[in-house]
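Letter by letter, the sequence shown follows residues 8 to 475 of the numbering used here.
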Amino acid sequence: MTQPVQFRQGVLIALLTGAQAVLPALVAVASLYATTIAFGSQFDPRSSGIVVVAVVCLVLIQPPREVTAQLTSPRVSAVVDVLFRWFLILAVLLGIAYVTKSPLQAYPRRVFLTWAVSTPVVLIVATLAMQEFMRRFLMNAFEARIAIIAGYNSSSLELARRLKKNPGMRLEVAGFFDDRSSDRLGMESDAKLIAPLADLGAYVKQHRTDVIFIALPIRHVKRVMNLLDDLRDTTASIYYVPDIFVFDLIQARSGEIQGIPVVAMCETPFYGYRGVTKRLTDIVLSLAILLLLLPLLSVVALAVKFSSPGPVIFKQRRYGLDGREIAVYKFRTMTVTEDGAQIRQASKTDSRITRIGGILRRSSLDELPQLINVLQGRMSLVGPRPHAVAHNEEYRKLIKGYMVRHKVLPGITGLAQVNGCRGETSQLEEMEARVNYDLDYLRRWTPMLDIKIILMTVVKVFRDDKAY
């Protein structure tokens, strides 16, 4: 969407984007060759093909972002992106090696491990160098285009700010058109009011204008149509900027359905390759944790069994993805197994909690059976914590946007839990805080956020005094 705004030389952009796409494959193969030579091993040319196939598959699953986004993204973001892609490439290669007699299996273990560790370092250097080259080349190769904005509001002001902060966009905002005075608008000091909206057409004919952003409210459809009529006699590119900041958007993005443009205003973050990445991560990590903690799980199960009468595993109905009921597993920590229309939350001095149950709840060991829920696809390692059905039905009537948290799989841990929102919610404000964190998780999800939450959860287990 943004490329036509900035660059008209589509062939050059395509070539540069293609160079970025093949760079990881070239670096990976060159690194493998250099590593084998350094260790005195024999390089097998067939392994190059497998590496290239793995990289190509990754590109197909996770398409590279637009070249303009690459130019303007922070270096830290680029480093994280490279590391994340490389770990996925390794996962694909290990999968190929596992199901086939891959030439990669012929390499000594020290060669493969050295290659796996050293290649991302080379990739990071090559990626940052490529970005810097493209940024400088494009900024010198293309003259900045001049833009004006019709309508002064939060959306248009934010657009102007972002264009100014990112010179690689090669787009300069000459000013705003609005019928209100600068004093009435409360216009920022670095913003320029050119003229009323009625003068926009005449201004474009007299001054060089490459791009026009129309940022009038949706309710002013008639005014937008009049502006379009006035601008039909110009060659400027015209874009409509909806005032999205008046809405509470979750994973907003534009697209089309059978040629009809649509804007997603509330959607799951796990679409396309994101969903695949999330699910693969859940399966690999939950399976690894289960195998690693199998002896501990056995000891806990025996302790629960002999500590008090009742089942070892407590199953409770909770709401999962899209608000559908699921059965969530936990080690039983109470003398009761409540799962009815009325459920009393556990309190700090709750007499229903067994002696072993208190230890399990404080250490969060009672949650470990939910790793089975993750393998079943009913839960995720990270996501909004599921509440009992009775509590869901209570709070969905009291808290605005409560059910939006069910746009994703519930998690064993989540953003709310690592920010202290655990334990009893005796006040409505406490549950509202949890929900706000859950919705914030949906808005800004990234794989790195999941990793951060998992690491913070491990730390919180030893420091949290709200689990009881």
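Don't be surprised by glycine CBs; every beta carbon is placed ideally from N, CA and C.
Small disclaimer: the values here were computed from a predicted structure and weren't measured.
Residue i, enclosing beta strand (DSSP E) - first and last residue
i: K337; result: 332-338
i: A243; result: Unbroken run through A243: none, as it is neither H nor E.
i: E179; result: 178-184
i: V228; result: Looking at the DSSP string, V228 is not in any beta strand (DSSP E); the run it does join, the alpha helix (DSSP H), is 228-237.
i: S387; result: 387-389
i: A154; result: 152-157
i: L200; result: 200-202
Under the three-state DSSP convention, the category residue i falls into
i: A271; result: strand
i: G56; result: helix
i: F220; result: strand
i: K459; result: helix
i: V194; result: The question names Val, but residue 194 is Met in the sequence shown. Coil at M194, not helix or strand.
i: F46; result: coil
i: P11; result: Note that P11 scores 43 on pLDDT, short of 50, meaning its location in the model is unreliable; the coordinates nonetheless yield the value given after this. P11 falls in the helix class under three-state DSSP.
i: Y114; result: coil
i: V415; result: coil
i: A32; result: helix
i: G262; result: strand
i: R324; result: strand
i: I96; result: helix
i: A136; result: helix
i: I406; result: coil
i: I257; result: strand
Proximity below 9 angstroms, CB of residue i to CB of residue j
i: T284; j: V311; result: no
i: K172; j: V180; result: no
i: A157; j: L234; result: yes
i: L223; j: V231; result: yes
i: L130; j: W93; result: yes
i: V36; j: A133; result: no
i: D289; j: L388; result: yes
i: S1; j: L378; result: Because the chain is modelled from 8 through 475, residue 1 falls outside the range shown and cannot be assessed.
i: Q323; j: M141; result: no
i: G418; j: M386; result: yes
i: S314; j: I363; result: yes
i: G365; j: L416; result: no
i: L449; j: K407; result: no
i: R325; j: N399; result: yes
i: V396; j: E332; result: yes
i: L287; j: A440; result: no
i: V270; j: P302; result: no
i: L200; j: I219; result: no
i: V124; j: P31; result: no
i: G382; j: L297; result: Looking at the sequence shown, residue 382 is not Gly but Leu. Closer than 9 angstroms, so yes.
Boundaries (first-last residue) of the alpha helix (DSSP H) holding residue i
i: Q213; result: 207-213
i: A397; result: 396-402
i: Q424; result: 422-425
i: V291; result: 280-299
i: S370; result: 362-370
i: V442; result: 435-450
i: A167; result: 161-172
i: I379; result: 377-383
Reference residue i, options the options, closest by Cα
i: L120; options: L100, K459, A334; result: L100
i: A45; options: I96, Y114, A26; result: Y114
i: E436; options: V411, L405, T453; result: L405
i: N160; options: L207, Y280, V396, I221; result: I221
i: P110; options: I57, G279, R331; result: I57
i: L238; options: V228, A205, G262; result: A205
i: A308; options: L301, S315, L300, V319; result: V319
i: L192; options: K414, L164, R143; result: L164
i: H214; options: V248, R169, R152; result: R152
i: I477; options: Y105, V29, F277, M463; result: Shown here, the chain extends from 8 to 475; a query on residue 477 therefore has no answer.
i: M455; options: R53, D190, T126, R281; result: R281
i: T275; options: G390, P376, R359, S189; result: G390
i: L375; options: G47, Y336, Y409, P393; result: Y336
i: P203; options: I155, V118, V218, G47; result: I155
i: P316; options: I360, L300, W122, S261; result: I360
i: A85; options: P127, L298, R429; result: P127
i: I438; options: D217, S162, E401, T342; result: Just to set this straight, residue 438 is Met in the shown sequence, not Ile. It is E401.
i: D217; options: C273, E150, G279, A259; result: E150
i: C428; options: K459, R392, Y40; result: R392
i: A488; options: W452, Y246, M137, T43; result: Here the chain covers residues 8 to 475 and nothing more, so residue 488 does not appear.
i: R369; options: K467, D197, P52; result: K467
i: G330; options: Q112, Q138, R403; result: R403
Neighbour flag for residue i against chain B, beta carbons, 9 angstroms
i: A295; result: Here chain B cannot be found, since the structure has a single protein chain.
message: Would the segment 417-426 count as touching the segment 442-452 if we require 3 or more Cβ pairs under 8 angstroms?
response: yes
query: Any chance the segment 182-190 sits against the segment 237-249, with 3 or more Cβ pairs inside 8 angstroms?
result: no
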